[in-house]
Amino acid sequence: MVVTGLENNNNSNANPSAVNSNNKGRTSWNIKTPTLAKNTINRIRIIVESLKISPNPAKPMIPLTIGDPTTFGNLKAADETMKAVLHAIESGKFNGYAHTQGHESARKAVAKYCAHQSSEEIKPENICLTSGCSSALEYSILALAEKGQNILIPRPGFCLYQTLTEGMGIEVRYYDLLPEKQWEADLKQMESLIDENTAALIINNPSNPCGSVFSREHLEDILAICEKYYVPIIADEVYEHFVFPGAKHYAVSALSKNVPVFSCGGLTKRFLVPGWRTGWVIIHDRENRLAEATRGLKNMCGRILGSNTLVQGALPAILENTPQSFFDSVIDILSENANLAWSMLKKIRGLNPVMPTGAMYMMVGINIEQFPEFADDTQFVQELVNQQSVFCLPGSCFELPNFVRLVLTIPKAMIEEACSRIAEFCEAHYKVDNSIIETNLLDEISY
Ligand SMILES: *Cc1c(COP(=O)(O)O)cnc(C)c1O
């Protein structure tokens, strides 16, 4: 046995491994984190933290980054929604655990609320209540895909899909959404990405960050691809009711004849209660094609012994009593804000806002070559904060450079102020492209 100075010291903090030869080879605190934890990365956080930001002290900060509609206090949950939780507390009945898929009464209420998603009756046993739509997505993905397989996700798209999968060793393959086609998917490319290891296709409709809503025809085209290659769909429909006047949302499960769908939704956005962490997966699988994956999904619910039961207790009343007028007023505010932002941004040289038809965001294209001081969208965003104290998320957060995303949930006056500051910023940095002038001159000469 090797005797070290430390042991001679008889120090109780000394490394005991050397004293005890029976340490099974554990000779130090050599603790590592596994691949999953190491590679679970939220891109938005990484990009935002890498920005060198010091807002202009002369102008109050306007954060157009925050995807939480409750932040500014202009949008509040309905009284009926909150009272339902009060009653659930007062009843004293919802302090215990529920079935890991959730209380039967709550699942029945969700089945009724989501009846439009299926031509058949939705059974409570085909519903899993989850901790927000995020865990609905997590369970759905992990019930279908494992290391070595791939899933298809939209680009630009919500970064959580990547966060949930990459650490697991599941490959993500991006299908492009095309701004010039109201953000429809590039179907040819989508099809080309599918191979024998494709476990699922994720669609997000209406879309974060695009604010787009797929047409019925487009969804049917996507379904045809999935049917041809036997690919199940995970539908992130957390914004399914966030649709502006004139647009219509179709649940993909309602249109599907043969493709099984895990549909993920929740209270978060529509009821303006993201902190309540209440979501669900609805299993649409008439032909029992996902029988094994459905068992897997239900197993996943057991990992955290089910979701918050207090809100489950309130769910029937929340879904029944929250009035249509409340939902309508939220949509009115969002679509008014979208119109306002779009009409102001449209006039700015170098910017191309894409008018949304749903959700609560707008994507704005930047002709980055006309802002030669900035190398890319992240630098554009950084300088916009530093000079004008207006903070948007760079498109890179959603895998689409040379765009920025703004949220439409902030008060109207702040949107107006933000857009005027963006105009001032762009005017200050816009450079007329000399080659364009020259060709224009040449054109004139030739006339
Ligand atoms: C907000 C959001 C979610 C997550 O919702 P939670 O219920 O808060 O977990 C999922 N998908 C998209 C596209 C979102 O924007």
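Take the sequence shown: its position 29, counted from the start at 1, is 29 in full-length UniProt numbering, and no numbers get skipped.
From the three backbone atoms N, C-alpha and C, an ideal C-beta is built for every residue, glycine too.
DSSP bridge partner residues for residue i (one or two, in chain order)
{"i": "ALA58", "result": "According to DSSP, ALA58 bridges with nothing at all."}
{"i": "ASN204", "result": "ASP236"}
{"i": "HIS218", "result": "Its beta-bridge partners do not exist; DSSP assigns none."}
{"i": "ALA185", "result": "LEU177"}
{"i": "residue 474", "result": "Residue 474 is absent from the model: the chain starts at 1 and stops at 447."}
{"i": "ARG155", "result": "ASP176"}
{"i": "TRP280", "result": "LEU129 and GLY265"}
{"i": "ASN150", "result": "GLU171 and THR198"}
{"i": "VAL390", "result": "ILE62"}
{"i": "VAL243", "result": "GLY358"}
{"i": "VAL404", "result": "VAL364 and PRO394"}
Pick from the options that is closest to residue i, judged by C-alpha positions
{"i": "GLY246", "options": "ASN308, VAL213 and GLY296", "result": "VAL213"}
{"i": "GLU399", "options": "THR27, TYR174, CYS128 and ILE282", "result": "TYR174"}
{"i": "ASN352", "options": "PRO179, SER420 and ASP328", "result": "PRO179"}
{"i": "ILE53", "options": "GLU237, GLU80 and PHE391", "result": "PHE391"}
{"i": "GLY102", "options": "SER207, VAL281, GLN149 and ARG216", "result": "VAL281"}
{"i": "CYS114", "options": "ASN23, TRP29, ILE283 and ARG155", "result": "ILE283"}
{"i": "MET190", "options": "GLY279, TYR229, CYS210 and GLN162", "result": "TYR229"}
{"i": "MET82", "options": "LEU319, GLY148 and VAL432", "result": "LEU319"}
{"i": "LYS38", "options": "GLU49, THR163 and SER134", "result": "THR163"}
{"i": "TYR361", "options": "GLU287, GLY395 and ASP79", "result": "GLY395"}
{"i": "GLU146", "options": "PHE158, TYR161 and THR165", "result": "THR165"}
{"i": "PHE271", "options": "TYR139, LYS59, ASP79 and SER28", "result": "ASP79"}
{"i": "SER135", "options": "VAL238, ALA111, GLU104 and HIS218", "result": "VAL238"}
{"i": "GLY350", "options": "THR322, GLY302, ILE422 and PRO316", "result": "ILE422"}
{"i": "ASN150", "options": "GLU171, THR322, ASN42 and THR357", "result": "GLU171"}
{"i": "THR40", "options": "VAL252, TYR161 and PRO60", "result": "TYR161"}
{"i": "PRO232", "options": "PHE326, TRP29, GLU287 and PHE380", "result": "GLU287"}
{"i": "ALA254", "options": "GLY96, SER118, THR198 and GLY302", "result": "SER118"}
{"i": "ALA235", "options": "ASP328, VAL261 and GLU227", "result": "VAL261"}
{"i": "ILE203", "options": "GLY265, THR27 and ASP195", "result": "GLY265"}
{"i": "ASN299", "options": "VAL252, ILE141, ASP328 and ASN23", "result": "ILE141"}
{"i": "GLY279", "options": "SER256, HIS116, GLY296 and GLY306", "result": "GLY306"}
{"i": "ASP195", "options": "ALA58, LEU219, LEU393 and ILE225", "result": "ILE225"}
{"i": "ILE46", "options": "HIS116, LYS412 and THR378", "result": "THR378"}
{"i": "GLN382", "options": "ASN22, VAL48, GLU220 and ILE31", "result": "VAL48"}
{"i": "LEU297", "options": "THR100, ASN258 and GLY96", "result": "THR100"}
{"i": "GLU217", "options": "VAL330, VAL252, GLY313 and LYS24", "result": "VAL252"}
Cβ shell of residue i (< 6 Å), same chain only, five flanking positions each side left out
{"i": "GLN182", "result": "SER212"}
{"i": "THR309", "result": "PHE94 and ALA98"}
{"i": "HIS429", "result": "PHE371 and GLU373"}
{"i": "LEU152", "result": "ARG173, TYR175, LEU193 and LEU201"}
{"i": "HIS241", "result": "ARG270"}
{"i": "SER256", "result": "LEU223"}
{"i": "SER28", "result": "none"}
{"i": "VAL354", "result": "PRO179 and MET363"}
{"i": "ASN205", "result": "PHE214"}
Rounded Cβ spacing between residue i and residue j (contact assumed at less than 8 Å)
{"i": "ILE44", "j": "SER389", "result": "ILE44 to SER389, Cβ: 20 Å. No contact."}
{"i": "GLU427", "j": "LEU340", "result": "Contact doesn't hold; Cβ gap of about 19 Å is too wide."}
{"i": "LEU36", "j": "MET168", "result": "6 Å"}
{"i": "residue 488", "j": "LEU51", "result": "A question about residue 488 goes unanswered here, because the residues of the chain that appear run from 1 up to 447."}
{"i": "LEU144", "j": "ALA200", "result": "5 Å"}
{"i": "ILE366", "j": "ASN402", "result": "5 Å"}
{"i": "SER207", "j": "ALA338", "result": "About 14 Å separates the two Cβ atoms, so there is no contact after all."}
{"i": "VAL311", "j": "VAL110", "result": "12 Å between Cβ atoms; not a contact."}
{"i": "CYS386", "j": "ASN56", "result": "For the sequence presented, residue 386 should be read as Asn rather than Cys. That belief holds up - the Cβ atoms of ASN386 and ASN56 are roughly 6 Å apart, short of 8 Å."}
{"i": "THR33", "j": "CYS133", "result": "THR33 to CYS133, Cβ: 27 Å. No contact."}
Contacts around residue i, its chain only, beta-carbon distance under 7 Å, and the 5 residues preceding and following it disregarded
{"i": "SER335", "result": "PHE244 and PRO245"}
{"i": "ILE66", "result": "VAL407"}
{"i": "CYS419", "result": "ALA341, MET344 and LEU345"}
{"i": "PRO209", "result": "PRO156, TYR361, MET363, PHE398 and ARG405"}
{"i": "GLU138", "result": "LEU164"}
{"i": "LYS108", "result": "PRO124"}
{"i": "SER105", "result": "PRO316"}
{"i": "VAL432", "result": "none"}
{"i": "PHE327", "result": "HIS241 and ARG270"}
Other residues of its chain near residue i: CB distance less than 8 Å, five sequence neighbours each side excluded
{"i": "LEU442", "result": "Bear in mind that a pLDDT of 48 at LEU442, under 50, signals an unreliable position, so the number given afterwards is only what the model happens to contain. Here the set comprises nothing."}
{"i": "ALA77", "result": "THR70, PHE271, LEU272 and VAL273"}
{"i": "PHE380", "result": "ILE366, ILE368, PHE371, PHE374, PRO394 and VAL404"}
{"i": "residue 458", "result": "Look at the range of the chain in this structure, 1 to 447, and you will see that residue 458 is not part of it."}
C-beta neighbour in chain C for residue i, strict 8 Å
{"i": "PRO154", "result": "No chain C is part of this structure, which consists of one protein chain only."}
Quick check: the stretch 368–387 against the stretch 125–141, are at least 3 beta-carbon pairs closer than 8 Å?
No, the stretch 125–141 does not touch the stretch 368–387.
contact_flag[the stretch 89–102, the stretch 238–252] where n(CB pairs < 8 Å) is 3 or more:
no
May I ask you to verify whether the stretch 291–303 touches the stretch 71–83, counting CB pairs closer than 8 Å and requiring at least 3?
no
Spell out a yes or no on whether the stretch 117–125 and the stretch 267–277 are touching, meaning 3 or more CB-CB pairs, one atom from each, closer than 8 Å.
No: fewer than three Cβ pairs fall under 8 Å.
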